[in-house]
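One structure is given below, encoded as structure tokens.
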Amino acid sequence: MIELPGFAVLLARLLDHRGLAPADLARRAEAAEPEVAAVLAGAAPEPALLRRLAPALGLDAADLFELADLPLPEDLAPAGGMATTSITGLLRLVLALPPASRAALRAGVAELPSVRHRGRIEGLPAALPDRRTPGNLLMRMVATRNLGWNGTAKVVQLLTGRSRMATAYGRIASGEAELTPDLVADLATVLALPAADLAAVLGLPLPDDAPAAAAPDEAVTDAALLLRDLRRLGVEQLREAEDLARALPPA
Numbered sequence: 160m161i162e163l164p165g166f167a168v169l170l171a172r173l174l175d176h177r178g179l180a181p182a183d184l185a186r187r188a189e190a191a192e193p194e195v196a197a198v199l200a201g202a203a204p205e206p207a208l209l210r211r212l213a214p215a216l217g218l219d220a221a222d223l224f225e226l227a228d229l230p231l232p233e234d235l236a237p238a239g240g241m242a243t244t245s246i247t248g249l250l251r252l253v254l255a256l257p258p259a260s261r262a263a264l265r266a267g268v269a270e271l272p273s274v275r276h277r278g279r280i281e282g283l284p285a286a287l288p289d290r291r292t293p294g295n296l297l298m299r300m301v302a303t304r305n306l307g308w309n310g311t312a313k314v315v316q317l318l319t320g321r322s323r324m325a326t327a328y329g330r331i332a333s334g335e336a337e338l339t340p341d342l343v344a345d346l347a348t349v350l351a352l353p354a355a356d357l358a359a360v361l362g363l364p365l366p367d368d369a370p371a372a373a374a375p376d377e378a379v380t381d382a383a384l385l386l387r388d389l390r391r392l393g394v395e396q397l398r399e400a401e402d403l404a405r406a407l408p409p410a
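Residue numbers (the numbering used here): 160 to 410.
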């Protein structure tokens, strides 16, 4: 079983992959260079710094908290509850919309009220295994999208066309199964992250075949970005978002 190194190494891998100097990151994040340097030397990052680093890196803030192995703040925690059917139904609608309608939907979703975290997400165990492995980290990141194992399987199939049993994702989270290059690429699509960035951070390879490692099309990327926005919504708000999607001009 591959054990992940600490956040300092993961962040350094990402910076090396992108050719980004720590001083440049500090400047983009409007953070003090010594503060960024201290984190890269192994100091625990402050939550406020992570919130500044996330947009500077083009990352979702919740993902950066997971990379740093820190608890999610209340405003970044997924709503929980029985949301899988609503989420997948909405994403199907999104994939059929033209770019302008997809943008309008994200704007409309942003205006919906948030739901406070209700605890357990559908399909997840009472607590994710606390194992610092690449697979466990990825499934924690997916869980911030309000997705359990069943939801992950459905969304991966919807966005990539590849089908796996829901239990496969549970085995990845528990460390019983290692990540494959295809899984890294598929989960990168769901997370709206460049597959090459994710592979570099985790120290894992990507598939050799170009199609599996290529960037997804624009509609898939927009759907994955919307998935981030949906994490704070409950079932009722998701139904409102679905109504909005149905009312938008189709392709």
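C-beta atoms are modelled at their ideal positions from N, C-alpha and C, and glycine is treated no differently.
*Option nearest P409 by Cα separation, candidates A378, D356 and L361*: Sequence index remark: in the sequence shown, residue 409 carries index 250 (1-based). Nearest option by C-alpha distance: A378.
*asked:* Looking at A188: is its Cβ nearer than 9 Å to the Cβ of P204?
replied: The residue you call residue 188 lines up with position 29 of the sequence shown. The residue you call residue 204 lines up with position 45 of the sequence shown. Not in contact: A188 and P204 (Cβ atoms no closer than 9 Å).
_Helix, strand or coil at A371 [DSSP, three-state]_ = Position 212 of the sequence shown, counting from 1, holds the residue named residue 371. Note that A371 has pLDDT 45, beneath the 50 cutoff, so the model's placement of it is unreliable and the number below is only indicative. Of the three classes helix, strand and coil, the one that applies to A371 here is helix, per DSSP.
*Ignore the nearest five residues each way along the sequence and tell me which others in L264's own chain have a CB closer than 8 Å to its CB.*
Your numbering for residue 264 matches position 105 in the sequence shown. Beyond the five residues adjoining it in sequence on each side, L264 comes within less than 8 Å, by CB distance, of V253, L256, L385, A400, L403, A404 and L407 in the same chain, given in chain order.
*Can the beta-carbon of A227 be found closer than 9 Å to that of L250?*
As a first step, residue 227 is located in the sequence shown; it is residue number 68 there, counting from the start. As a first step, residue 250 is located in the sequence shown; it is residue number 91 there, counting from the start. Result no, Cβ atoms of A227 and L250 do not sit closer than 9 Å.
*Residues near A351 by beta carbon distance below 7 Å, same chain, minus five either side*: If you number the sequence shown from 1, residue 351 lands on position 192. Excluding residues within five positions, the ones whose Cβ falls inside 7 Å are T380, A383, L384 and R387.
*Buried or exposed: where does S273 fall if 16 or more other Cβ atoms within 10 Å of its Cβ makes it buried?*
Against the sequence shown, residue 273 aligns to sequence position 114. Flag for S273 reads exposed.
*Among L361, A325 and D376, which residue has its Cα nearest to the Cα of G165?*
Start at 1 with the first residue of the sequence shown, and residue 165 comes out as number 6. Here the closest residue by C-alpha is L361.
*Beta carbon of V343, beta carbon of T311: below 9 Å?*
For the purposes of this step, residue 343 is taken as residue 184 along the sequence shown, with counting starting at 1. For the purposes of this step, residue 311 is taken as residue 152 along the sequence shown, with counting starting at 1. Result no, Cβ atoms of V343 and T311 do not sit closer than 9 Å.
*asked:* Under DSSP, the alpha helix (DSSP H) around D222 begins and ends at which residues?
replied: As a first step, residue 222 is located in the sequence shown; it is residue number 63 there, counting from the start. Start and end: A220 to L226.
_Quick check on L407: does DSSP put it in helix, strand or coil?_
On the sequence shown, position 248 is the one that residue 407 refers to. Residue state, collapsed to three classes: coil.
*Going straight from the alpha carbon of T326 to that of R186, what length do you get?*
The sequence position of residue 326 within the sequence shown is 167, counting from 1. The sequence position of residue 186 within the sequence shown is 27, counting from 1. Taking the straight line from one Cα to the other gives about 43 Å.
*asked:* Give me, in chain order, the residues of the same chain whose beta-carbon lies closer than 7 Å to that of D356; leave out the 5 immediate sequence neighbours on both sides.
replied: As a first step, residue 356 must be located in the sequence shown, where it is residue number 197. Excluding positions up to five away in sequence, the list reads L173 and H176.
_If distances are taken between C-alpha atoms only, which option among I246, A182, A196 and R211 comes closest to G393?_
Position 234 of the sequence shown holds residue 393. G393 has its Cα closest to that of I246, out of I246, A182, A196 and R211.
*For A358, count neighbouring C-beta atoms within 10 Å of its own C-beta (all shown protein chains included) and say buried if the count is 16 or more, exposed if not.*
If you number the sequence shown from 1, residue 358 lands on position 199. A358 comes out buried.
*If G329 and N295 are in contact, beta carbons under 8 Å, what's the gap, nearest whole angstrom?*
Along the sequence shown, read from residue 1 onward, the residue named residue 329 stands at position 170. Along the sequence shown, read from residue 1 onward, the residue named residue 295 stands at position 136. Contact flag wrong, Cβ pair sits at about 11 Å.
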